[in-house]
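For reference, the structure discussed in these notes is given below.
Number of protein chains: 2
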Amino acid sequence: MDRLFQSIKISVNDKIFVKDPESSALGKTIVEESISMIHEMGFDKFTFKKLGDRIGSNESSIYRYFENKHKLLLYLASWYWGWLEYQLVFATNSIADAAKKLDKAIEIVTQTTEEDSSFSHINEVLLNKIVIHEYSKSYLTKEVDKENREGYFEIYKRLVNRISEMIAAADRDYPYPSSLASTVLEGSLHQHFLLDHFSSLTDCLEHTDPTHYLKHLVFNSLNLPTNG
Amino acid sequence: MDRLFQSIKISVNDKIFVKDPESSALGKTIVEESISMIHEMGFDKFTFKKLGDRIGSNESSIYRYFENKHKLLLYLASWYWGWLEYQLVFATNSIADAAKKLDKAIEIVTQTTEEDSSFSHINEVLLNKIVIHEYSKSYLTKEVDKENREGYFEIYKRLVNRISEMIAAADRDYPYPSSLASTVLEGSLHQHFLLDHFSSLTDCLEHTDPTHYLKHLVFNSLNLPTNG
DNA sequence: TATGATATGATAGTATTACTATTATATTTG
DNA sequence: CAAATATAATAGTAATACTATCATATCATA
Numbered sequence: 000m001d002r003l004f005q006s007i008k009i010s011v012n013d014k015i016f017v018k019d020p021e022s023s024a025l026g027k028t029i030v031e032e033s034i035s036m037i038h039e040m041g042f043d044k045f046t047f048k049k050l051g052d053r054i055g056s057n058e059s060s061i062y063r064y065f066e067n068k069h070k071l072l073l074y075l076a077s078w079y080w081g082w083l084e085y086q087l088v089f090a091t092n093s094i095a096d097a098a099k100k101l102d103k104a105i106e107i108v109t110q111t112t113e114e115d116s117s118f119s120h121i122n123e124v125l126l127n128k129i130v131i132h133e134y135s136k137s138y139l140t141k142e143v144d145k146e147n148r149e150g151y152f153e154i155y156k157r158l159v160n161r162i163s164e165m166i167a168a169a170d171r172d173y174p175y176p177s178s179l180a181s182t183v184l185e186g187s188l189h190q191h192f193l194l195d196h197f198s199s200l201t202d203c204l205e206h207t208d209p210t211h212y213l214k215h216l217v218f219n220s221l222n223l224p225t226n227g
Numbered sequence: 000m001d002r003l004f005q006s007i008k009i010s011v012n013d014k015i016f017v018k019d020p021e022s023s024a025l026g027k028t029i030v031e032e033s034i035s036m037i038h039e040m041g042f043d044k045f046t047f048k049k050l051g052d053r054i055g056s057n058e059s060s061i062y063r064y065f066e067n068k069h070k071l072l073l074y075l076a077s078w079y080w081g082w083l084e085y086q087l088v089f090a091t092n093s094i095a096d097a098a099k100k101l102d103k104a105i106e107i108v109t110q111t112t113e114e115d116s117s118f119s120h121i122n123e124v125l126l127n128k129i130v131i132h133e134y135s136k137s138y139l140t141k142e143v144d145k146e147n148r149e150g151y152f153e154i155y156k157r158l159v160n161r162i163s164e165m166i167a168a169a170d171r172d173y174p175y176p177s178s179l180a181s182t183v184l185e186g187s188l189h190q191h192f193l194l195d196h197f198s199s200l201t202d203c204l205e206h207t208d209p210t211h212y213l214k215h216l217v218f219n220s221l222n223l224p225t226n227g
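Line by line, the protein sequences give chains U and P. Residue 0 is where the first sequence starts when you use numbering that gives the first Met the number 0, and the numbers rise one by one after that. Residue 0 is where the second sequence starts when you use numbering that gives the first Met the number 0, and the numbers rise one by one after that.
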């Protein structure tokens, strides 16, 4: 990916933050260093106090950007899914054939993020690892319905729906396009997690990977036209 | 299910607890009421102090059974997976045909737990809901590798492996039996969660359910003998 | 039934977390 | 240069997640 992305801003629901972290140097530092710290110590042990110490700033200043660390996680996750959605649309836009389009889509959303590409202060490689290890915590809460109503998961849902539509486009008769789309996204995160921590529970080692597994899963579920 | 189960004890790795909660009335109360409280308020807001108040016991007494609430969650999860493994083996043991055995297995592990069956102080219906909403939190931690080495996830892994072996028995050439088995378990929890909180992301509503979806997914991934 | 062992309860105390509030000091902008 | 705004510093609170100690209740057995 190239400089094109530098001029593109991933827009996150502005109810997630108190003050847009993109609007100041401190805000960007908060986002940048929180990614690095959450990756290092895990979300559970991460606190605004520790982040303040690390960036030479005050805890109270961080609260001016995010209500609490849960909202910060929602922000990082939304940003990540928005970024991935952008990659997805960019990479599949020109593909006319429904099956090929879906194939490419699965590739984009299931592969390991390899390079810190383009957005200056956000390290997508680390962010991808954070999403694998922490994303579930953003919705496995008692407040999930309220937060869903407030639109905090919109970007993720939009991404699932895009994939769902691609599945439906490839096979109009397939009865579970949304479930399958959510399985691709969530299953990809899970397989990547297993690879790191429970390798006996996955086959995505050595000569294969989550992308191959999930392509196999999806394309065997669908009835494709014989020339596809 | 009937009284047979009342004489069967699900055995959980004894490093998970300080003192076996099955060994005393207080221990059983701790387990029973923690299930009810975690279901009500969610694992994050649940504390030993609150549990002590609820059962008319002291916080310090609870610490004599479990080091912390994380270990209690590991205990509840292990118990649940052990219980499910038992259901699985019991229900599939007599089935000779590999495909039919697998079909039954998927049914057992993906269906909603319907009745509080047999183990006096443990409500499996609530426990099933807790597992859906909280299980990921037991392994999405920085200590996962250490705890895995200590055997805290053995029962879950054994269950995945049983399903993996059933998949392999139904189709020796299928390249991803472990990944698919883990997708069935984790995907089932996820679909049930979506059903409750993100119904637009699943098709498992009304005329279908996670069981149908996952059976479709698995059996379309496999090449079965034509008479199966 | 007395004696000791074990289980449980009560109380206190600590460090950390997750904030809120207030005031002071930079920095930016008009 | 003044006013507005952003950030920093400090203090304080309630809750969390424990640990330690001591008291009391129960239970097991000689």
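Cβ coordinates follow ideal geometry from the N, Cα and C atoms, glycine included. No experiment lies behind these values; they were computed from the predicted model shown.
* **U:Lys49 - DSSP class collapsed to helix/strand/coil** => When secondary structure is reduced to three states using DSSP, U:Lys49 falls in the helix class.
* Asked: Looking at chain P, which residues of the region 53-83 of chain U have a Cβ within less than 8 Å of any of its Cβ atoms?
  -> The residues in question: there are none.
* To do: Please name the residue in P:Gly81, P:Asp102, P:Trp82 whose C-alpha comes closest to that of P:Thr91.
  => Per the Cα distances, P:Asp102.
* Give the range of the alpha helix (DSSP H) segment to which P:Asp102 is assigned. => Judged by DSSP secondary structure, P:Asp102 falls within the alpha helix (DSSP H) whose first and last residues are 97-109.
* To do: Tell me where the alpha helix (DSSP H) around P:Thr210 begins and ends.
  => If you look at P:Thr210, you'll find it in the alpha helix (DSSP H) that goes 209-220.
* Thinking C-beta only, is P:Thr112 closer than 8 Å to P:Asn127? -> Their beta carbons are under 8 Å apart, which means P:Asn127 touches P:Thr112 by this criterion.
* State the Cα-Cα distance for the pair U:Ala76 and P:His191, rounded to the nearest angstrom. => Going by the C-alpha atoms only, they are around 22 Å apart.
* To do: Would you mind sorting P:Ala24 into buried or exposed? The rule is 16 or more other CB atoms within 10 Å of its CB.
  => So P:Ala24 ends up on the exposed side.
* **Cβ-based contacts, 7 Å cut-off: residues of the region 79-113 of chain U near chain P** => Here the close residues number zero.
* Which residues of chain U have a Cβ atom closer than 8 Å to the Cβ of P:Val143, listed in chain order? -> Those within 8 Å of P:Val143 in chain U are His196.
* Would you call the region 208-216 of chain U and the region 77-96 of chain U in contact, with 3 or more CB pairs under 8 Å? -> Contact between the region 208-216 of chain U and the region 77-96 of chain U is not established, with fewer than three Cβ pairs separated by less than 8 Å.
* Cβ shell of U:Glu149 (< 7 Å), same chain only, five flanking positions each side left out -> Result list for U:Glu149: Lys14, in chain order.
* Asked: What is the rounded straight-line gap between the Cα of P:Pro224 and the Cα of U:Trp80?
  -> Going by the C-alpha atoms only, they are around 41 Å apart.
* Taking the alpha helix (DSSP H) that U:Asn160 falls in, what are its first and last residues? -> For U:Asn160, the enclosing alpha helix (DSSP H) covers residues 153-169.
* **Simplified DSSP state of P:Phe42, which is helix, strand or coil** => P:Phe42 falls in the coil class under three-state DSSP.
* Would you say the region 139-153 of chain P touches the region 170-181 of chain U, given that touching needs at least three Cβ pairs under 8 Å? -> Three or more beta-carbon pairs separated by less than 8 Å are not found between the region 139-153 of chain P and the region 170-181 of chain U, which leaves the two stretches without contact.
* Give me the Cα-Cα distance between U:Trp78 and P:Lys44, rounded to the nearest whole angstrom. => Roughly 27 Å between the two C-alpha positions.
* **Burial state of U:Asp170, where buried means 16 or more other Cβ atoms lie within 10 Å** => Around the C-beta of U:Asp170, 16 or more other C-beta atoms lie within 10 Å, and the residue is accordingly described as buried.
* Asked: Taking DSSP as the reference, what is the three-state secondary structure of U:His120?
  -> U:His120 falls in the coil class under three-state DSSP.
* Could you check where the alpha helix (DSSP H) with U:Asp144 kicks off and where it finishes? -> Here the alpha helix (DSSP H) through U:Asp144 covers 143-148.
* Give a yes or no on whether the minimum CB-CB distance between U:Ile34 and chain P is below 8 Å. => No, because no Cβ of chain P sits closer than 8 Å to the Cβ of U:Ile34.
* Asked: What residues in the region 180-196 of chain P bring their beta carbon closer than 7 Å to a beta carbon of chain U?
  -> Here the close residues are Ser181, Thr182, Glu185, Gly186, His189, Gln190, Leu193, His196.
* Output, in chain order, the set of chain P residues within a Cβ distance shorter than 9 Å of U:Glu164. => Per Cβ cutoff of 9 Å: no residues; U:Glu164 is ~13 Å from chain P at best.
* Would a check of beta-carbon distances place U:Asn122 closer than 8 Å to chain P? -> Interface flag for U:Asn122 against chain P is unset, since no Cβ pair is found closer than 8 Å.
* Terminal residues of the continuous alpha helix (DSSP H) containing P:Tyr79? -> Annotation for P:Tyr79: the continuous alpha helix (DSSP H) segment containing it runs 68-91.
* Do U:Val30 and U:Ile154 have their C-beta atoms within less than 8 Å of each other? -> Result no, Cβ atoms of U:Val30 and U:Ile154 do not sit closer than 8 Å.
* Asked: From this set, P:Asn222, P:Phe16, P:Leu72, P:Asp52, which residue's C-alpha is nearest P:Ile131's C-alpha?
  -> For P:Ile131, the nearest C-alpha among the options comes from P:Leu72.
* Which one of P:Ser59, P:Met40, P:Ile7, P:Glu39 has the shortest CA to CA distance from P:Gly26? -> Nearest C-alpha to P:Gly26: P:Ser59.
* Asked: Rounded to whole angstroms, how far is the Cβ of U:Leu50 from the Cβ of U:Ser33, which I believe are closer than 8 Å?
  -> 6 Å between Cβ atoms; contact.
* Asked: At least one CB of chain U closer than 8 Å to the CB of P:Val130: is that the case?
  -> Not an interface residue.
* **Residue interval of the alpha helix (DSSP H) (run including U:Asp195)** => For U:Asp195, the enclosing alpha helix (DSSP H) begins and ends at 176-196.
* To do: Could you tell me the boundaries of the alpha helix (DSSP H) in which U:Tyr62 lies?
  => Note, U:Tyr62: alpha helix (DSSP H), 58-62.
* Indicate the three-state DSSP secondary structure (helix, strand or coil) for U:Ile138 in the structure shown. => The sequence given here places Tyr at residue 138 of chain U; Ile does not occur at that position. Here U:Tyr138 sits in helix by DSSP.
* Kindly list, in the order they appear in chain U, the residues whose Cβ is closer than 7 Å to that of P:Ser137. => Near P:Ser137 there are no residues of chain U at all, since even the closest Cβ is about 11 Å away, more than 7 Å.
* To do: Determine whether the Cβ of P:Asp202 lies closer than 8 Å to any Cβ atom of chain U.
  => Yes, because at least one Cβ of chain U sits closer than 8 Å to the Cβ of P:Asp202.
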